[in-house]
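Numbering (my numbering), first residue to last: 696 to 1097. We treat Cβ as the ideally placed atom computed from N, Cα and C, and that holds for glycine. Source: prediction; values computed, not measured. One structure below.
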Amino acid sequence: SSVFENVEPGHPVEMNLLIKRYMEDKNENKVNLSIGVYRTEEGKSYVLPFVKQVEKEIVNDPNLNYDYQPILGTDSFFNIATQLLLGEDSIHIRNKNAFGLQALSGTGGLRSGAEFLARIMGYTTFYYSDPSWENHPNIFNAAGFTNEKTYRYFDRKTFGLDFDGMIEDLQNAPEKAVIILQICGHNPCAVDPTKEQWMKIADVIEEKKLFPFFDAAYHGFGTGDLDEDVFPVRYFADRRIEFFCSQSFAKNFGIYNIRCGALTVFTNDPSKISAILSQMTLRIYFLYETPPACGPRIVSRILQNANLKKQWIDTLKIMTARITRMRQKFQDEMIRLKTPGKWDYITKHRGMFAFTGITPEQAEILVDKYHIYVLKCGRINICGITDENLSYVTKSIHEVVS
Ligand code: PMP
C-alpha cells in the first residue's frame, strides 16, 4: 500500500507535452512553432554572443562566490532593472516612488507580486485578457486570489483589439481588482494597444480605482525599441497611477533557463517602501528563500557596460527585424496560396507570435500528421519559421485549413 494511492494526475501542461514530443520526434521535417523562444535563421536556439563572454568572466572572477544572495537580490541588479523600465534618469526613481526587487524570471515576479497583493493587501479579484498566457490565472489563483475574470481583448472578427469591449469590461470591474496588462508583443495574440488607447485604459483604471499589474515579458520584441515598448509603464508612472510590473530577462537576453527577472513597485508614498520591502522579503522567503545570482550578474554586467549594452540593443533590433521579415514572408505565402481565413493582419501584429485562427482540431492534425508543433489556441511562434521550412509550413497549414 502507499500513502499516494489516491493521487490522480493533474491536467497536462500543453507546452511541456509538445516540447517533449518535439524532442522525441525523429521526422526530419519537424518544426517547432509552439514555444515562445527566439530562433535564428537556421531555426536554432540563440545564445547572444556577449552573454557567454560575460558568463565566462563571471566564472573566472576570483571575487565572486556561491554564497546566498540577499532575499530581494542585490541593489546593483534591481536598480538597473528598474532603470531599464522607467529610464536611466527617471524622476520617479530619484524621488523614490519606484523601486525593484529580484524575481525568479517573469513568472516569479508575477507570483511574488500576486502573493503580496492577495495576502498583504487582501485583494481577491484579478482580470486577464481574453486570450492571455495560460499561466496567468494559475499563478494568481495559486497566490491566493479567489475571483478570476477576463476582459475582452482580441476581436476574432477583425483580428485586432476589441478596445471598446476591453474598456467596457474594465469599467465594470470592482474597485481594487488587479488588472494584468502585457506591455507589448502580447502573448498569444500579438496585438498591443496604441499609445492613445493606453491613455484611455489609464483613465478607466484611475477612475475605477483598479490596480494595474504590468507583465513585461517581451520587452524589446514589441517595436524593437526598448523605450517605445515600455510606453504604458512610463505613462502610468507619470500619471502617478500606482502599479506593479514584472520584468522577464528570459527572452530579451536569451537566458530562459537561468530564471532572471525583477518586480518593480511604483508607489505614491515613498514612506511605505520599507514596509513593502519587508513584506516582500517574507513572501519570497516563504516561497524559495533567496534568488539565484547567475542571471543578475550577467544582466547587470551587460547593462553597466556601455559597449556591451549597445551590442545588446543592436542584437535586439536584429532579432526583431528577422521576425518582421518572417511575418512578411509568411503572410505573402498564405495569401499567395489563397488559404481560407484572414492573413493580411500578420504584418500588422507585433512580437514573436501570430494568432492564426487555426482551430484546436487543426492544430492537432498539424502536430500528428505534419510534425508542425502548434498550440491548440492557434498561436504560432513566427521565429520558428525559416527560409528553409517556410514552404513546408505554409503548404501544410494550407492543406489542413482548406
Ligand atoms: N508572461 C508572459 C506573457 C509570458 O509569455 C511568459 C513566458 N511564456 C512569462 C510571463 C514568464 O516568462 P519567464 O518566467 O520565463 O520569464
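Continuous beta strand (DSSP E) stretch holding residue i: start and end
{"i": "residue 910", "result": "906-911"}
{"i": "residue 843", "result": "842-847"}
{"i": "residue 1074", "result": "1074-1076"}
{"i": "residue 875", "result": "873-877"}
{"i": "residue 868", "result": "Segment: none, residue 868 is in no beta strand (DSSP E) and carries neither H nor E."}
{"i": "residue 1050", "result": "1048-1050"}
Strand pairing of residue i, partner residues [DSSP]
{"i": "residue 657", "result": "Residue numbering for the chain in the displayed model covers 696 to 1097; residue 657 lies beyond these limits and cannot be assessed."}
{"i": "residue 734", "result": "740"}
{"i": "residue 855", "result": "850"}
{"i": "residue 760", "result": "Residue 760 is not bridged to any residue."}
Distance between beta carbons of residue j and residue i, contact taken as under 8 Å
{"i": "residue 798", "j": "residue 941", "result": "6 Å"}
{"i": "residue 878", "j": "residue 909", "result": "5 Å"}
{"i": "residue 1073", "j": "residue 1046", "result": "In fact, because the Cβ distance is near 15 Å, the residues do not count as touching under 8 Å."}
{"i": "residue 731", "j": "residue 882", "result": "6 Å"}
{"i": "residue 865", "j": "residue 900", "result": "7 Å"}
{"i": "residue 954", "j": "residue 987", "result": "6 Å"}
{"i": "residue 993", "j": "residue 750", "result": "6 Å"}
{"i": "residue 885", "j": "residue 1048", "result": "5 Å"}
Span separating the alpha-carbon of residue i from that of residue j
{"i": "residue 1057", "j": "residue 744", "result": "38 Å"}
{"i": "residue 1096", "j": "residue 945", "result": "33 Å"}
{"i": "residue 912", "j": "residue 943", "result": "5 Å"}
{"i": "residue 1088", "j": "residue 811", "result": "44 Å"}
{"i": "residue 948", "j": "residue 780", "result": "15 Å"}
{"i": "residue 936", "j": "residue 806", "result": "21 Å"}
{"i": "residue 1099", "j": "residue 716", "result": "As shown, the chain starts at 696 and ends at 1097. That puts residue 1099 outside it, with no answer to give."}
{"i": "residue 956", "j": "residue 1033", "result": "43 Å"}
{"i": "residue 1012", "j": "residue 919", "result": "5 Å"}
{"i": "residue 852", "j": "residue 833", "result": "28 Å"}
{"i": "residue 980", "j": "residue 809", "result": "15 Å"}
{"i": "residue 764", "j": "residue 772", "result": "12 Å"}
{"i": "residue 795", "j": "residue 904", "result": "23 Å"}
{"i": "residue 1044", "j": "residue 1093", "result": "20 Å"}
{"i": "residue 1020", "j": "residue 800", "result": "29 Å"}
{"i": "residue 756", "j": "residue 734", "result": "31 Å"}
{"i": "residue 971", "j": "residue 996", "result": "28 Å"}
{"i": "residue 1006", "j": "residue 742", "result": "13 Å"}
{"i": "residue 1081", "j": "residue 1037", "result": "21 Å"}
{"i": "residue 850", "j": "residue 858", "result": "9 Å"}
{"i": "residue 1027", "j": "residue 1064", "result": "24 Å"}
{"i": "residue 1076", "j": "residue 728", "result": "5 Å"}
{"i": "residue 790", "j": "residue 769", "result": "20 Å"}
{"i": "residue 701", "j": "residue 707", "result": "18 Å"}
{"i": "residue 930", "j": "residue 704", "result": "45 Å"}
{"i": "residue 818", "j": "residue 868", "result": "13 Å"}
Other residues of its chain near residue i: CB distance less than 6 Å, five sequence neighbours each side excluded
{"i": "residue 1071", "result": "1055, 1058"}
{"i": "residue 787", "result": "781, 793, 932"}
{"i": "residue 1040", "result": "854"}
{"i": "residue 835", "result": "809, 821"}
Endpoints, alpha helix (DSSP H) assigned at residue i
{"i": "residue 824", "result": "No alpha helix (DSSP H) holds residue 824; the beta strand (DSSP E) holding it covers 820-825."}
{"i": "residue 892", "result": "890-902"}
{"i": "residue 836", "result": "830-837"}
{"i": "residue 1092", "result": "1085-1096"}
{"i": "residue 1001", "result": "1001-1031"}
{"i": "residue 981", "result": "968-983"}
{"i": "residue 931", "result": "926-933"}
{"i": "residue 1059", "result": "1055-1065"}
{"i": "residue 713", "result": "709-719"}
{"i": "residue 672", "result": "Here the chain comprises residues numbered 696 to 1097, so residue 672 is not present and cannot be evaluated."}
7 Å CB neighbourhood of residue i in its chain, flanking five on each side removed
{"i": "residue 926", "result": "890, 893"}
{"i": "residue 724", "result": "1066, 1087"}
{"i": "residue 714", "result": "730"}
{"i": "residue 951", "result": "732, 945"}
{"i": "residue 1069", "result": "728, 729, 1053, 1058, 1061, 1062, 1075"}
{"i": "residue 737", "result": "1081"}
Contact test: residue i Cβ vs the ligand COA heavy atom, cutoff 6 Å
{"i": "residue 801", "result": "Questions concerning the ligand COA fall outside what the structure shown contains, since the ligands it does hold are the ligand PMP."}
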